[in-house]
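**Student:**
Residue numbers (the numbering used here): 486 to 624.
#1: Once DSSP output is grouped into helix, strand and coil, what is the label at residue 517?
#2: Compute the beta-carbon to beta-carbon distance between residue 526 and residue 546, rounded to the nearest angstrom, for a pair I have assumed lies under 8 Å.
#3: Which first and last residues belong to the alpha helix (DSSP H) in which residue 535 is found?
#4: Look at residue 584 and residue 592 and say whether their C-beta atoms are less than 7 Å apart.
#5: Along the chain, where does the alpha helix (DSSP H) that runs through residue 567 open and close?
#6: Let me make sure I understand the geometry here. Which of 574, 499, 550 has the alpha-carbon closest to that of residue 535?
Right, here's the structure in full:
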């Protein structure tokens, strides 16, 4: 559905793709809500282990629609499409045990291999006790 608008995205008109991509994401949330029930879906999305990921994902969808309908800025729309994809990925990883931790490690390794500075505190090792806590928080 949104792939049909991919050519317009590449040509500098991200609005059709942004709208369809965001509607598709909303439909996928609705589908999972249908499977587990709306109350359970909301409780899962607002669980402490995925609250930030869920709210960021929702904010990026709102931002995408605002950038298309209110601000009408193609570059801003494209930025929100990318951020929406990243937020969706992070949200999905919150449902996979150790998914976010594995993604962080992968990103650190990639950044290290490029020689970019990682900042303070990013070279910490995770103790077995902390890993167990992370696993319990991700369930």
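We treat Cβ as the ideally placed atom computed from N, Cα and C, and that holds for glycine.
**Tutor:** Reading from the atomic positions:
#1: Here residue 517 carries a helix assignment [DSSP, helix/strand/coil].
#2: Not confirmed; about 15 Å, so no contact.
#3: In the DSSP annotation of this structure, residue 535 is not part of any alpha helix (DSSP H), being labelled neither H nor E.
#4: For the pair residue 584 and residue 592, the CB atoms are not nearer than the 7 Å cut-off.
#5: Boundaries of the alpha helix (DSSP H) around residue 567: 559 to 578.
#6: Closest in alpha carbon position to residue 535, among 574, 499, 550, is 574.
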